[in-house]
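Residue numbers (the working numbering), protein chains in the order written: chain Y, 16 to 495; chain V, 16 to 495. Presented below is the structure to which this report refers.
Protein chains: 2
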Amino acid sequence: MSEGFQQKFFDHVDKNQALYIERLAEAVGIPSISSDLENHLGDVNQMIDWTKAHIDRLGGKTNLVVNPLNSDKITYPPILLGEFHVDPKKKTVCVYGHLDVQPAEKDDGWDTEPFTLVEKDGKLYGRGSTDDKGPALSWLWIVEAHQALGVDLPLNIKIMYEGMEEYGSEGLFETIRDEGKPGQFLDDVDFFCISDNYWVGKTKPCLTYGLRGLAYFQVGVKGCEQDLHSGNHGGGIHEAMTDLVRLMATLVDTNGKILVDGVMDSVKPLTPEEEALYESIDFNVESYKEENGVKNVSDKLLYDNKKDLLMHRWRYPTLSIHGIEGAFSGKGAKTVIPAGVKGKFSLRLVPDQDPKQIEKCVKAHLETEFAKLQSPNKLEIELIHGAVAWLSDPKHPNYQAAARAVEKVYGCEPDYTREGGSIPITSAIEEATGMNVLLLPIGACDDMAHSQNEKYNISNMMNGIKVLGVYLHELGKIQG
Amino acid sequence: MSEGFQQKFFDHVDKNQALYIERLAEAVGIPSISSDLENHLGDVNQMIDWTKAHIDRLGGKTNLVVNPLNSDKITYPPILLGEFHVDPKKKTVCVYGHLDVQPAEKDDGWDTEPFTLVEKDGKLYGRGSTDDKGPALSWLWIVEAHQALGVDLPLNIKIMYEGMEEYGSEGLFETIRDEGKPGQFLDDVDFFCISDNYWVGKTKPCLTYGLRGLAYFQVGVKGCEQDLHSGNHGGGIHEAMTDLVRLMATLVDTNGKILVDGVMDSVKPLTPEEEALYESIDFNVESYKEENGVKNVSDKLLYDNKKDLLMHRWRYPTLSIHGIEGAFSGKGAKTVIPAGVKGKFSLRLVPDQDPKQIEKCVKAHLETEFAKLQSPNKLEIELIHGAVAWLSDPKHPNYQAAARAVEKVYGCEPDYTREGGSIPITSAIEEATGMNVLLLPIGACDDMAHSQNEKYNISNMMNGIKVLGVYLHELGKIQG
Ligand SMILES: [Zn+2]
Ligand SMILES: [Zn+2]
Ligand SMILES: [Zn+2]
Ligand SMILES: [Zn+2]
């Protein structure tokens with residue numbers, strides 16, 4: 016982007032702020048809740064059509080891919096593929112976003128109607144404002160700005176928007192696999208960019224280069240075939256809950272240390288280079304305690320300094336115990352001896368941990384511990400979900416292009432961050448295409464995605480459009 | 016009961032079998048479900064009125080005591096007090112029963128309509144047939160038989176029937192306390208008899224002289240103020256579930272041994288006399304395994320012989336872990352770090368354990384174990400329900416009268432049994448009046464009270480009426 020065009024582009028974006036807000040209000044007004052297709056399939060489809068109409072209006076090609084998981088029993092929304100083709104000799108970036116949203120009702124504790132965009136103090140409140148309608152739509156306004164200013168796009172843009180992200184991305188993985196085949200939609204893509212995560216702080220942009228994987232286990236203990244009354248049968252039965260609780264107590268200690276042999280063996284060692292990335296990160300330990308409700312309880316985290324805390328949330332594995340299926344879980348008192356119970360726990364995995372290898376370690380551990388109990392009850396261990404961690408390279412040209420764009424808009428280098436959770440689409444794209452994926456978050460850490468009073472700062476929206484626009488031009492400069 | 020009258024009474028009862036079945040069918044036809052007063056208050060009231068009408072018809076005095084817990088917000092059914100007064104110089108027995116039932120729907124897995132009494136192979140299927148309409152109504156047919164045969168009742172009979180037993184006996188405890196005061200309804204009662212539990216086996220009658228008490232605990236661990244995502248925050252937080260699971264693992268072992276110091280100190284020692292009561296009990300270990308669904312799982316109980324097994328279900332304390340409130344309890348996978356969790360466990364208490372003393376032991380134990388964890392999280396231990404065990408004396412005249420009645424009907428001595436659960440009304444009556452309470456079960460162990468296909472054997476019904484009738488006359492003989 017030439018200096019001259021950059022200024023014109025920024026001015027154009029600034030002048031259109033009210034229009035961007037109005038359109039985001041239209042989008043937020045469509046309750047495209049994917050977890051409730053029975054009531055909202057029409058809304059999800061409407062949101063996809065609304066977006067398709069904008070791409071069409073801007074002269075893009077569009078294609079609604081019938082969801083590959085559709086059956087006699089269920090219809091899912093299609094996947095929207097769009098394309099702004101400039102020149103076959105130019106490189107191609109593919110941007111991913113989702114048009115569906117989490118459920119929301121005013122009664123959940125919203126201060127305003129969740130599906131009505133409300134502006135207050137520079138913030139736009141509404142479900143989907145930051146996750147992910149606001150960020151996803153940015154690309155359309157960037158294309159529109161180029162057309163208004165009479166400037167060609169610096170490279171080909173492909174768009175992949177889905178409507179099921181908040182409910183498992185049903186059908187997307189199959190679509191990515193199919194479209195990644197030779198000659199298909201994703202085959203000629205050089206770079207991917209996803210804006211569907213958040214800054215680590217409130218003021219400084221970041222680029223996200225790593226995500227943890229997951230190994231989710233279910234450990235079942237069965238003592239009998241029906242729940243029994245503890246008054247009548249306590250003293251007669253080997254109780255399944257006793258065994259399960261004792262087993263789960265051997266997994267991890269109060270300080271988060273994983274007690275399962277072998278799990279830590281394959282964790283990638285820390286390099287000085289990686290460690291250096293943590294120094295500058297915009298993250299405040301005290302705010303973190305406050306935002307997560309720890310301040311008024313123990314006021315203590317597992318680590319009291321930024322670097323250790325972030326590393327243990329991002330680049331070291333953890334083990335969390337989530338709960339128990341089959342036991343009493345209500346308020347008050349119920350005198351039940353549960354017949355069979357299933358403990359749920361999961362490990363967050365990091366490079367180079369392999370879920371299959373972790374499964375072996377966990378099974379061996381639980382079997383050994385169960386043998387020690389000398390219980391006649393039946394044990395069953397199941398890995399119910401496994402996903403490897405994802406790690407990219409901050410020095411990849413895709414990241415460096417984004418870093419330069421951030422500098423031009425914000426006047427500072429971005430932080431290079433990782434996240435503790437997984438974004439399965441990221442690995443799926445990388446596996447299907449072999450191309451680099453950039454996670455470029457636009458929203459701030461306090462945007463409350465998935466929660467009450469979700470919001471999108473107007474400043475983040477405006478700067479986000481600018482960053483993504485400049486990023487395109489930086490990508491356009493990449494040779495070879 | 017003279018030999019002559021006894022035979023006439025038995026003959027009369029036998030001739031009226033069809034009538035008793037018809038009336039039980041009427042009663043079962045009224046779905047008096049006390050746990051769902053919103054839909055069934057009218058039915059519970061109708062069932063009480065139906066019973067009152069029979070007492071009135073037989074010349075008894077009746078009184079519907081307005082439920083003392085009624086308020087602007089909720090109306091409970093009244094408590095029905097009835098009286099067949101013979102002679103102020105004669106002794107008085109008060110019989111208790113309940114006219115409400117557990118919920119039931121055909122879809123729950125019933126083979127027949129639950130609120131239609133169906134006779135099959137000598138069994139009467141229907142909700143409430145054995146719990147407790149069948150047994151409770153016996154008294155009315157005994158009074159009716161005396162009138163038909165022109166014979167005076169051998170002592171005064173008072174009746175106390177409630178309509179809330181299956182939902183906490185709301186209002187009954189207050190009523191018992193009030194009516195136990197000098198000059199009130201229960202003040203002149205000499206003996207109490209309750210037929211609302213079951214035989215230990217299928218063929219041999221028993222008298223129940225002991226029940227275990229209860230100390231129900233809730234142990235809460237709080238780590239933060241809101242649930243967190245284990246991907247984002249695993250590695251940052253001292254997780255409450257980790258601590259709770261480790262705490263609960265210290266309570267009891269796989270073999271049911273309670274690991275809380277001091278709990279066993281006050282358990283009443285076993286005397287040879289008490290031990291002897293276990294020899295003859297009609298109880299089969301293999302059937303027990305089968306009925307409780309243990310056979311096809313581990314095929315192992317905590318004790319493999321009748322005496323140890325029964326003693327540990329009846330006269331030794333036990334500790335059961337029931338579940339966790341606040342954790343994930345559904346099917347599948349949810350990656351939550353619960354903010355605060357409450358573990359539920361309870362001890363069944365035996366003479367001479369005091370819930371307050373047990374609370375001290377449990378609190379000391381959990382606090383010590385929690386201190387070992389060195390966790391910054393917040394611990395909260397609460398005794399949410401405490402009740403002492405109840406123990407009567409098989410040699411009390413009230414029991415001996417019943418034993419003689421059983422011998423005259425069944426031709427054998429009854430077993431003297433205890434139960435592992437509590438029947439709070441038992442202690443409440445004893446505390447309010449100081450008089451002996453006899454538990455005289457009529458139904459068999461496989462009657463499936465509270466479950467699908469509840470039934471009442473016709474033979475148990477008929478012999479039950481006879482036993483209770485003879486018991487009255489045996490009571491009438493007691494002097495002083
Ligand atoms: Zn999202
Ligand atoms: Zn989301
Ligand atoms: Zn009952
Ligand atoms: Zn009952």
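Beta carbons are placed, not taken as given, at the ideal position from N, Cα and C, and that holds for glycine.
For V:L325, no beta strand (DSSP E) encloses it; the enclosing alpha helix (DSSP H) starts and ends at 321 to 329. Look at the stretch 240 to 266 of chain Y: the residues with a C-beta under 7 angstroms from a C-beta of chain V are E240, Q241, L243, H244, S245, G246, N247, H248, G249, G250, G251, I252, H253, E254, M256, T257, D258, V260, R261, M263, A264. A distance below 8 angstroms separates the beta carbons of V:Y224 and V:D408. Apart from sequence neighbours up to five positions away, the residues of its chain that approach V:V101 with a beta-carbon distance below 7 angstroms are D167, L168, L170, N171, ordered along the chain. C-alpha of V:M463 to C-alpha of V:A33: approximately 23 angstroms in a straight line.
Under the Cβ criterion of 8 angstroms, V:T350 is counted among the residues facing chain Y. Annotation note: the stretch 110 to 153 of chain Y contains the following uninterrupted beta strand (DSSP E) runs of length 3 or greater, listed N- to C-terminal: 133 to 135, 138 to 140. In terms of Cβ geometry, V:D29 and V:S47 do not form a close pair [threshold 8 angstroms]. Remark: the C-beta of V:E180 is in contact range of ligand 3, defined as less than 7 angstroms to any heavy atom. At a Cβ-Cβ threshold of 8 angstroms, Y:P93 and Y:V81 count as neighbours. Short note on V:D122: C-beta not closer than 7 angstroms to any heavy atom of ligand 2. For V:W156, the secondary structure class from DSSP, reduced to helix, strand or coil, is helix. Secondary structure at V:K105: coil, using DSSP grouped into helix, strand and coil. Under the Cβ distance rule, V:N320 does not count among the residues neighbouring chain Y, no pair being separated by less than 8 angstroms. Annotated as distal: V:G137 and V:N478, with beta-carbon spacing of 8 angstroms or more.
CA-CA distance, V:I45 to V:D87, rounds to 26 angstroms.
Each of Y:D115, Y:H380, Y:L487 was checked against the Cα of Y:A416, and the nearest Cα belongs to Y:L487. Taking C-beta separations shorter than 7 angstroms and ignoring five residues to either side along the sequence, the partners of V:V424 in its chain run N478, K481, V482, V485, following chain order. Relative to ligand 2, the beta carbon of Y:A464 is positioned inside 7 angstroms of a heavy atom. Put simply, of Y:G491, Y:E18, Y:E177 the residue whose alpha carbon is nearest the alpha carbon of Y:Y91 is Y:E177. Separation of Y:E98 and Y:G74 (C-alpha to C-alpha, rounded to the nearest whole angstrom) is 9 angstroms. Taking each of Y:M476, Y:M16, Y:S442, Y:G141 in turn and checking the Cα distance to Y:H465, the smallest one comes out for Y:G141.
When CB distances to chain Y are screened at a threshold of 9 angstroms, the residues of the stretch 393 to 407 of chain V falling below it are K393, I399, H400, in chain order. Here Y:I396 has V234, K378, L381 as same chain residues with Cβ atoms under 6 angstroms from its own Cβ, once five neighbours each way along the sequence are excluded.
Relative to ligand 3, the nearest heavy atom lies less than 7 angstroms away from the CB of V:D147.
DSSP, read as helix, strand or coil, puts V:R227 in coil. In the DSSP assignment, the residues bridged to V:I336 are V:F360.
Secondary structure note for V:D430: its beta strand (DSSP E) is the uninterrupted segment 430 to 434. Residues of the stretch 165 to 186 of chain V whose Cβ lies closer than 9 angstroms to any Cβ of chain Y: none. Bounds of the alpha helix (DSSP H) holding Y:C376 are 370 to 388. In terms of CA proximity to Y:V108, Y:P412 leads the group Y:G246, Y:P412, Y:V236. Going by DSSP, V:K470 is part of the beta strand (DSSP E) stretching over 470 to 472. When only Cα atoms are considered, Y:K196 and Y:D202 end up about 6 angstroms apart. Residues are counted here when their Cβ sits less than 7 angstroms from a Cβ of chain V; for the stretch 316 to 345 of chain Y these are L316, L317, L324, H327, R328, Y331, T333, S335, I336, H337, G338, I339, E340, A342, F343, S344, G345, given in chain order. Here the stretch 230 to 246 of chain V makes contact with the stretch 351 to 363 of chain V; the two share three or more CB pairs at distances below 8 angstroms. Taking each of V:I70, V:T145, V:L226 in turn and checking the Cα distance to V:W154, the smallest one comes out for V:I70.
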